[in-house]
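Remarks on the structure that follows.
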Amino acid sequence: MREIPSRRVVLNNLEQLPGDYSTTPGGTLFSTTPGGTRLIYDRSFLLECRNSPLTKSPPIMAKIPGITAPGEIEVAKENGRKIPEEKEKSD
């Protein structure tokens with residue numbers, strides 16, 4: 001069995017990261033060339049990218065409680081209507 005050739009790529013700009021990359025279970029980002037060479041992306045550059053303005057939520061994103069903002073979601077139980085909670089019977 002032949003080993004897959006690989007090379008490390010040091011990125012200097014986020015735009016150099018291709019749109020079709022993959023991750024390993026450990027979180028390493030990699031891509032492949034049409035010839036089959038595996039490209040492994042430098043972790044330190046990718047960690048620097050997390051501070052980029054592009055990683056922040058859009059400023060006009062809708063506030064949906066429990067989804068895009070903290071809070072609870074009221075869940076409809078039946079036919080779109082919330083079922084009133086049953087009171088415990090006290091004996």
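In full-length UniProt numbering, the protein residues as written are 1 to 91.
Virtual Cβ for every residue (Gly too), placed ideally from N, Cα, C.
All of these numbers come straight from a predicted model, not from anything done at the bench.
Contacting residues, own chain, Cβ-Cβ under 8 Å from residue i (five flanking each side not counted)
| i | result |
| --- | --- |
| A42 | The sequence as given places Asp at residue 42; Ala does not occur at that position. Taken in chain order, the residues that qualify are R8, V9, V10 and L11. |
| E15 | none |
First through last residue of the beta strand (DSSP E) which encompasses residue i
| i | result |
| --- | --- |
| S52 | S52 -> no beta strand (DSSP E), and no H or E assigned at all. |
| I38 | First, the residue type needs correcting, since residue 38 is Arg and not Ile in the sequence shown. Looking at the DSSP string, the run of the beta strand (DSSP E) that includes R38 is R38 to Y41. |
| L29 | L29 to T32 |
Cβ neighbours of residue i in the same chain (closer than 6 Å, five flanking residues each side left out)
| i | result |
| --- | --- |
| P5 | T37 |
| K63 | A69 |
Whether residue i touches residue j by CB criterion (9 Å)
| i | j | result |
| --- | --- | --- |
| M61 | T68 | yes |
| L39 | S31 | yes |
CB contact below 9 Å: residue i versus chain C
| i | result |
| --- | --- |
| P53 | No chain C appears in the structure shown, which is made up of a single protein chain. |
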